[in-house]
Amino acid sequence: MKIFGDWDRFCIVTQLDADYCGAWLNGTLFFRISGNNIGEPQEDNSLRDAYYILDSIVYRKQSRINKTIFQMDYKNIFKIIDESIFPSDFSIRVNVQSMLRCRVYSVSDGEKTTVVYQKEYGSEIMGVTFCDDLVEHSLTEVLGYLENTHKIEVDKENT
201 MKIFGDWDRF CIVTQLDADY CGAWLNGTLF FRISGNNIGE PQEDNSLRDA
251 YYILDSIVYR KQSRINKTIF QMDYKNIFKI IDESIFPSDF SIRVNVQSML
301 RCRVYSVSDG EKTTVVYQKE YGSEIMGVTF CDDLVEHSLT EVLGYLENTH
351 KIEVDKENT
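The opening position of the sequence shown corresponds to residue 201 in the working numbering, with each subsequent residue numbered one higher.
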């Protein structure tokens, strides 16, 4: 199991299956936010797909900076983003099988980051604010790991 971030505050957890099918990188992926698992830790995913999705999430980092939204309470942040025309600008959910039933958004004021989430559609909206770049750092770290792992597997298949 690979943990990217801080287990108790915010992290992204991945693990390749014993038979991960080469470049498909079959395995598990979920978030852990303030002690809550977000996503299904037992659900199998293509971490290759997660890699491509994470690339887009990391690229959109600047779109998650919004000082007006950041100042709102957790439920209003969630509602404003979820009902907006472009909620994907703020979404950090990795849209793979294990994460399909949850919603996870991030908004920053440029220094602090608030993550609001719903473990399953219709469940309680929760949130947490971080006074550092833990969220973006975790996203960038897991992207790098999956990118390198995918490249190694593609190179194996091409030799």
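Note that CB positions come from ideal geometry on N, CA and C, so glycine has one too.
Here the alpha carbon of Ser298 sits roughly 9 Å from the alpha carbon of Ile238. DSSP places Lys312 in the coil class of the three-state scheme, outside both helix and strand. Beta bridge pairing from DSSP links Cys211 with Gly205, Arg232. Straight through space, the alpha carbons of Gln318 and Leu300 are spaced by roughly 11 Å. Residue nearest to Asn226 within the set Ile257, Ile233, Asp217 is Asp217 (criterion: CA-CA distance). The region 203 to 222 makes no contact with the region 256 to 263: fewer than 3 CB pairs, one atom from each, lie closer than 8 Å. If the five residues before and after Ile203 are omitted, its C-beta is found closer than 6 Å to the C-beta atoms of Cys211, Val213, all from its own chain and listed in chain order. As a beta-bridge residue in DSSP terms, Met326 pairs with Tyr317. Taking the Cα of Glu243 as reference, the smallest distance to any Cα among Tyr252, Phe231, Leu334, Asp273 is reached at Phe231.
Straight through space, the alpha carbons of Asn295 and Arg303 are spaced by roughly 9 Å. Under the three-state reduction of DSSP output, Gly222 falls in the helix class.
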